[in-house]
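Numbering (the numbering used here), first residue to last: -17 to 221. All C-beta atoms in this analysis are idealised placements derived from N, C-alpha and C, irrespective of residue type, glycine included. Encoded as C-alpha cells, the structure appears first; notes follow it.
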C-alpha cells in the first residue's frame, strides 16, 4: 500500500536520494507537513526503495498520536516511534537512520495560510543528538504533503475541554467523520540535501550552546531554502 501511495496516489517525485549516506546511519531532518505522519512514511519508504529494506529509517511520531491504542501498533509496524531524544539516540547508535521533524506540534498544526513556512526548531535537540552520536544530518524538503491535509483553522477551546492541544478543521474533517482522515491526492516531491557532517566536531560539541544554536538555525534555513525552491518550481498542487 505504501508503494501505491508513493507511485499512484501522491506520485512522489524524488530528488537527491544519492545524498543519503551509502553506509552507516543518518539523521534525516524534514519540514513537518500536517497532523498525520504521512510525510515520515513516505520519506522512509523512498529511502528503503532506493537502498534496501534493511536500511529503512524509523520516523519520529508525536506523543499524542503514537500513544493512541488503535494507532500505535499500526504505526510501529510501519516504522513509527515516539518522538524523544532517547529513542533517536538509541536507534542511531544501533545503526538505524531516523527521520525527525524539529518543528514538532507547532509545525504539524500550521493552518493553510502558513503552509511551508518552517517554525522554530525547538531547542536544538536534533543537532545535539547528531553531535553526540557523530552521525550526519540530511536536510529533507517535502512539498505537497501540506495540501494533503490542509488545516483551515483550529478549534482550541473545545480541544482543551477534552484534553488535546487543538482539533483541526480541514475541508473533509470533521464534516465527513472518520473518512475525513483520508488525505487528498496532492502531487508530492521529496528532496534530499547534502549531508551536514558532525563526526569531526566530536561529542563534546553537543555541550556548546552557541554552536548548537548556530547549527540549528543553519539547518532550518537550509530546509526552508530547499522548500522555497521546490515550491516555486512545481507546476501545481495536483500535478
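Range covered by the alpha helix (DSSP H) that runs through residue 62: For residue 62, there is no enclosing alpha helix (DSSP H); the residue is part of the beta strand (DSSP E) that begins and ends at 62 to 64.
So the beta strand (DSSP E) residue 149 belongs to, where does it begin and stop? 149 to 151
Is it buried or exposed for residue 13, if we count other Cβ within 10 angstroms and need 16 for buried? buried
Please name the residue, chosen from 178, 192 and 174, that lies closest to residue 26 on a Cα-to-Cα basis. 174
Under a Cβ-count criterion, where at least 16 other Cβ atoms within 10 Å of its own Cβ denotes burial, should residue 52 be classed as buried or exposed? exposed
Within 9 Å, strictly: CB atoms of residue 178 and residue 118: Pairing residue 178 with residue 118 gives a Cβ-Cβ distance under 9 Å.
Based on DSSP bridge pairs, tell me the residues matched to residue 121. 11
Can you tell me the Cα-Cα spacing of residue 299 and residue 150, whole angstroms? No statement about residue 299 is possible, as the shown extent of the chain runs from -17 to 221 and does not include it.
Starting from the Cα of residue -16, find the closest Cα among 109, 126, 73 and 21 and give me that residue. 21
Once you ignore the five residues that flank residue 111 on each side, which residues in its own chain have a CB closer than 6 Å to its CB? 67, 70 and 71
According to the Cβ coordinates, are residue 163 and residue 18 closer than 9 Å? yes
Whole angstroms is fine: what's the gap from residue 184's alpha carbon to residue 39's? 24 Å
Compute the beta-carbon to beta-carbon distance between residue 133 and residue 152, rounded to the nearest angstrom, for a pair I have assumed lies under 8 Å. 6 Å
Whether or not the segment 190 to 208 and the segment 2 to 13 are in contact is what I'm after, with contact meaning three or more pairs of Cβ atoms, one per stretch, closer than 8 Å; do they touch? yes
Member of 168, 4, 101 and 102 whose CA lies at the smallest distance from the CA of residue 77: Taking only the C-alpha atoms, the option nearest residue 77 is 4.
Beta-carbon proximity check, residue 60 vs residue 9, cutoff 9 Å: no
Assumed close pair residue 87, residue 44 - CB separation to whole angstroms, cut-off 8 Å: The distance from the Cβ of residue 87 to that of residue 44 is about 6 Å, consistent with a contact at the 8 Å cut-off.
Cβ neighbour criterion (16 or more within 10 Å) applied to residue 191: exposed
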